[in-house]
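Number of protein chains: 2
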Amino acid sequence: MSPERLARINAMLDNRQIDLTICLENIHKPHNLSAVIRTADAVGIGDVHAIWAADAGRISNHKASGSGQWVDIHKHPSTAEAIANFRAQGMQVVVTNLSATAKDYRQVDYSKPTVLMMGNERDGITAEAVALADHEVVVPMVGMVQSLNVSVAAALILYEAQRQRSEAGMYGSRKIDEQKCQRILFEGGHP
Amino acid sequence: MSPERLARINAMLDNRQIDLTICLENIHKPHNLSAVIRTADAVGIGDVHAIWAADAGRISNHKASGSGQWVDIHKHPSTAEAIANFRAQGMQVVVTNLSATAKDYRQVDYSKPTVLMMGNERDGITAEAVALADHEVVVPMVGMVQSLNVSVAAALILYEAQRQRSEAGMYGSRKIDEQKCQRILFEGGHP
Ligand SMILES: C[S@@+](CC[C@H](N)C(=O)[O-])C[C@H]1O[C@@H](n2cnc3c(N)ncnc32)[C@H](O)[C@@H]1O
Ligand SMILES: C[S@@+](CC[C@H](N)C(=O)[O-])C[C@H]1O[C@@H](n2cnc3c(N)ncnc32)[C@H](O)[C@@H]1O
């Protein structure tokens, strides 16, 4: 591995946010999944979660511009099980919902341990996820379309989280455990 | 037309930003075009520009979740002609570029008349556009991927513009001329 590549991987590891993640509820289109994974990597998220019923077929290979090796995708059989898992890690659950009760996405404190939940392209977030959430947020829109593309909405909220965490000095100091770093460095050196 | 629909269209017209637009250089994927158009509508942009060489085939029908009727797409044969057109309207030209010289996208004042230029999925922005621009901006990334999806990058910058313009009180007072409003109201009432 070249010294430049080693330095690049080490810088990435220093910026990984272990207590910020995103969870996609039955997102079907591969280009949306791919766009979300690229954004996740770019803001320092190394683990992405997907709720994916066993009978829904497999998640298409993610060719998210070279992010495959750097972002792990974790599948959960149901929304309830996924959320129980995030709760066990002490995370607040933020759902995105195009409802009158949702607040502006900039009003949540994302420096806390957080999972952001995104809904399906056609049906949106499930009622179950909304019921289990701490916060319901929306990206304000002043036009005629009913919704944004799901990867666009995800990116807007993740970059707001990035902005807040950057201000709070949460980037640049390593939080991933040493063993995981060694594995990533090893695999990254042998692509 | 129902009173609710009329009120909704009028509110949209009150929020349209006539001196903020986006220009796509040879964006080929229909889902990216569609996502950009939805975002444009959502931040109050009623006119989207595309540089589209005559021999490149037609821009695929945009089925951007009902935005087709509300956002007009203007095609330009070349980057130089498009930029000349924006200059004639007194707009500053902001290009997005993954270069070492680009500054953080949050450092530009988007309350000025502005066109944001986005590059092609594979090749990025043209050297010509960079040479003619006032500002070169980048969305910072701390992971391993080389770039964001183009519709994601566009949305992050357009929502930063929306944030700045909202703070500057630039939403909620009608700027489109009366004749255009009447046409939009007429067409919107007869979908
Ligand atoms: C295309 S939208 C779903 C539209 C669906 N008809 C509905 O009413 O929810 C897919 C997902 O993108 C996200 N999304 C889209 N626009 C959003 C917005 N303005 N604010 C927050 N999330 C949004 C949400 O996660 C949503 O579930
Ligand atoms: C997939 S990228 C192009 C990648 C191309 N290989 C390059 O080096 O430019 C397509 C377009 O998305 C926009 N884009 C992607 N990531 C960006 C970022 N981090 N900052 C600003 N613009 C970005 C730019 O307009 C870019 O031209």
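Heads up: the sequence lines are chains A and B, in that order.
If you count the first sequence from 1, position 31 lands on 44 in my numbering, and the numbers rise without skipping.
If you count the second sequence from 1, position 136 lands on 149 in my numbering, and the numbers rise without skipping.
Using N, Cα and C, we set each Cβ at its ideal position, and we do this for glycine too.
None of these values were measured; they are calculated from a predicted model.
* To do: Round the Cβ separation of residue 63 of chain A and residue 88 of chain A to the nearest angstrom and send it over; I've been treating them as touching at under 8 Å.
  => 5 Å
* Taking all protein chains shown into account, do 16 or more other C-beta atoms lie within 10 angstroms of the C-beta of residue 114 of chain A, making it buried, or fewer, making it exposed? -> exposed
* Asked: Under three-state DSSP, which class holds residue 162 of chain B?
  -> coil
* How is residue 130 of chain B classed by DSSP in three states: helix, strand or coil? -> strand
* **Nearest neighbour of residue 143 of chain A, chosen from A:154, A:124 and A:105 [CA to CA]** => A:105
* Asked: Touch check for the stretch 44-61 of chain A and the stretch 158-175 of chain B: three-plus C-beta pairs under 8 Å?
  -> yes
* Asked: In chain order, what residues of the same chain have a beta carbon less than 6 Å from the beta carbon of residue 103 of chain A, not counting five sequence neighbours either side?
  -> 126
* Pick out whichever of B:136, B:26, B:15 and B:101 has its Cα sitting closest to the Cα of residue 196 of chain B. => B:26
* Below 8 Å on the Cβ atoms is my guess for residue 117 of chain A versus residue 151 of chain A; work out the distance and round it to an integer in Å. => 7 Å
* Taking 6 Å as the cut-off, does the CB of residue 134 of chain A come closer than this to any heavy atom belonging to ligand 1? -> yes
* Asked: For the candidate residues B:134, B:165 and B:60, whose alpha-carbon lies nearest to that of residue 193 of chain B?
  -> B:60
* To do: Indicate the three-state DSSP secondary structure (helix, strand or coil) for residue 44 of chain A in the structure shown.
  => helix
* Asked: Of all Cβ atoms in chain A, is any one closer than 7 Å to the Cβ of residue 186 of chain B?
  -> no
* **Helix, strand or coil at residue 73 of chain B according to DSSP, with G and I counted as helix** => Here residue 73 of chain B scores only 48 on pLDDT, less than 50, and its place in the model should not be relied on; the value that follows carries that caveat. Correct three-state label for residue 73 of chain B: coil.
* To do: State the Cα-Cα distance for the pair residue 130 of chain A and residue 46 of chain A, rounded to the nearest angstrom.
  => 13 Å
* **Whole-angstrom distance between residue 198 of chain A and residue 23 of chain A, CA atom to CA atom** => 8 Å
* Would DSSP call residue 193 of chain B helix, strand or coil? -> helix
* Inter-residue spacing [alpha-carbon to alpha-carbon] between residue 31 of chain B and residue 147 of chain B -> 20 Å
* To do: Would you grab the beta carbon distance between residue 229 of chain A and residue 48 of chain B for me? Rounded to a whole angstrom, and I think it's under 8 Å.
  => Within the shown structure, residues of chain A are numbered from 14 to 204, placing residue 229 of chain A beyond reach of any answer.
* To do: Flag residue 34 of chain B as yes if its beta-carbon sits less than 7 Å from any beta-carbon of chain A, otherwise no.
  => no
* **Close-in-space but distant-in-sequence residues of the same chain around residue 111 of chain A (CB under 8 Å, 5 per side omitted)** => 137, 151, 159 and 160
* Using a C-beta to C-beta distance shorter than 7 Å, which residues of chain A count as neighbours of residue 172 of chain B? -> 169
* Asked: Quick one: is the Cβ of residue 171 of chain B within less than 6 Å of any heavy atom of ligand 2?
  -> no
* To do: Report the option in A:92, A:173 and A:135 whose CA atom is closest to the CA atom of residue 33 of chain A.
  => A:173
* **Local conformation of residue 120 of chain B per DSSP, three classes** => helix
* Apart from the five residues just before and just after residue 120 of chain B, which ones in its own chain have a Cβ nearer than 8 Å to its Cβ? -> 150
* Asked: Can you find a C-beta in chain A that's less than 7 Å from the C-beta of residue 44 of chain B?
  -> yes
* Asked: Does residue 164 of chain A come within less than 7 Å of chain B when only Cβ atoms are used?
  -> yes
* Asked: What did DSSP end up calling residue 106 of chain B once you bin it into helix, strand or coil?
  -> strand
* **Three-state secondary structure (DSSP) of residue 37 of chain A** => strand
* Between the stretch 52-66 of chain A and chain B, which residues of the former have CB atoms less than 9 Å from a CB of the latter, in chain order? -> 52, 53, 54, 55, 56, 57, 58 and 59
* In chain B, what lies closer than 8 Å to residue 28 of chain A by C-beta? -> 155 and 156
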